[in-house]
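In what follows, a single structure is set out as structure tokens and then discussed.
There are 2 protein chains.
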Amino acid sequence: MISIMINWLRSLPHQQSTYEQGRHLFRRDDPVQNMFLIESGAVQLIRAHRGGGALVLQRASAGSILAEASLFTTSYHCDAITTELVRATLIARRALRKLFLSNPEFAQAWAIHLSGEVRNARRRAEILSLRTVAERLDAWIAEHGRLPDKGGWRGVALEIGASPEALYREIARRRK
Amino acid sequence: MISIMINWLRSLPHQQSTYEQGRHLFRRDDPVQNMFLIESGAVQLIRAHRGGGALVLQRASAGSILAEASLFTTSYHCDAITTELVRATLIARRALRKLFLSNPEFAQAWAIHLSGEVRNARRRAEILSLRTVAERLDAWIAEHGRLPDKGGWRGVALEIGASPEALYREIARRRK
DNA sequence: GAAGGAGCATGATATCTATCATGATCAACT
DNA sequence: AGTTGATCATGATAGATATCATGCTCCTTC
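Sequence lines, in order, name chains A and B.
Its first residue numbered 1, the first sequence is counted upward by one per residue in our numbering.
Its first residue numbered 1, the second sequence is counted upward by one per residue in our numbering.
Encoded structure:
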């Protein structure tokens, strides 16, 4: 499903860029020139608050489109900082916007993409609101069918808001 | 911003319905006939799993549009059950879909609405992944500017994944 | 104004998990 | 074979919070 979106994006003029770890892809209040498709690496969207606090709004990794909302705004509303080396495809916002307004088929694909993101984010929030690691793992498995392969457990732990150790223990408990 | 969306919806043929607590607005695999705008009350979107488990995917209350993704699918992918008495506005999916495909302005309004929902859900997920009630409350306040009025604290506790008592204590701690 | 209910407040306790620590396994590379 | 690094594994401990319990303050309703 996401590949449909990606095909649309690649059909437009685009360029590749790489960013070292810790660099900004964009800053708050910057005018929106480009949309970003993350090819590899990871990016955090961060909103900094007076008082030193900062809230992570989104963690984007390979395959993610960054800051979808910026397609319809003139400036960014948060900072995008790479947490790893990032390779990204940049598409001019104007071109994408023009495509959206002139091509109902693309508009529909974009809306379907956004709907999927809404569902994923809401599901993740509901999983995170469960109280124990056991419950959160149950919910994760219910959605994904089974435990992830070894090698991906740490990622799952991050996703369900548990420490890796807590997840290892829960999985070990179920083996017995 | 949501009011823009609501005005669009009200410009289409629609009907009002009320549902008692515990009733289904729709069931999984039902053909999508209507989109629902919740006027009052609350609805849970639930996906039931073999094995008795059930995962809440979304809690919708007054002002929410239900199951936005269903605009582009032919059947629902989950159950919608009222947790309170609900008053809802129903809009024919076909009419809304036709409007989306024929009117770029509405398509843009719909996409902006979805983008906002994505941001909200992602922000909530990130808040829920914070470890302590103090941190989660900080993040909530950072986004909303200040503590909610008394009377709404229980709702905030639910939103940030804490028990009401834990939130009371954290607020009391800050008064000292 | 008496009664009932919802939300706020706070104490006590058990439970869960983050964290620190240490070690095992495995793969990639030299 | 040895080194290195990532992930998995498991023990011990302290800290945070859910839960149960009890009481208070409003506000609404009769």
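Yeah, the Cβ is synthetic: ideal placement off N, Cα and C, and Gly gets one too.
For the alpha helix (DSSP H) that residue i lies in, which residues bound it at each end?
i	result
residue 138/A	133–144
residue 165/B	164–175
residue 158/A	153–159
If contacts are defined as beta-carbon pairs under 8 Å, then residue i and residue j qualify, I think. What distance do you get, rounded to the angstrom?
i	j	result
residue 6/A	residue 37/A	7 Å
residue 89/B	residue 39/B	6 Å
residue 115/B	residue 69/A	4 Å
residue 86/B	residue 19/B	5 Å
residue 72/B	residue 111/A	7 Å
residue 125/A	residue 125/B	4 Å
residue 129/B	residue 128/A	6 Å
residue 154/A	residue 164/A	5 Å
residue 109/A	residue 4/A	6 Å
residue 54/B	residue 65/B	No, residue 54/B and residue 65/B are not in contact; Cβ-Cβ is about 23 Å, not under 8 Å.
List the endpoints of the continuous beta strand (DSSP E) containing residue i.
i	result
residue 55/A	54–61
residue 128/A	No beta strand (DSSP E) holds residue 128/A; the alpha helix (DSSP H) holding it covers 104–128.
residue 43/A	42–48
residue 86/B	86–92
residue 80/A	79–82
residue 19/A	14–19
residue 26/B	24–26
Who are the Cβ neighbours of residue i in its own chain at under 8 Å, not counting the five residues just before and after it?
i	result
residue 12/B	91, 92, 95, 96, 99
residue 123/A	143
With a threshold of 7 Å between beta-carbons, can residue i be considered close to chain A, or not?
i	result
residue 42/B	no
residue 147/B	no
residue 128/B	yes
residue 166/B	no
residue 96/B	no
residue 172/B	no
residue 104/B	yes
residue 33/B	no
residue 56/B	yes
residue 155/B	no
residue 63/B	no
Apart from the five residues just before and just after residue i, which ones in its own chain have a Cβ nearer than 7 Å to its Cβ?
i	result
residue 75/B	29, 30, 31, 32
residue 162/B	133, 136
residue 156/B	140, 148, 167
residue 34/A	90, 91, 92, 93
residue 21/B	82, 83, 84, 85
With a threshold of 7 Å between beta-carbons, can residue i be considered close to chain B, or not?
i	result
residue 72/A	yes
residue 112/A	yes
residue 118/A	yes
residue 9/A	no
residue 144/A	no
residue 122/A	yes
residue 66/A	no
residue 115/A	yes
residue 12/A	no
residue 85/A	no
Taking 6 Å as the limit between beta carbons, can you name the residues of its chain near residue i, skipping five residues before and five after?
i	result
residue 44/B	56, 59, 81, 83
residue 107/A	100
residue 26/B	76, 80
residue 9/A	37, 91
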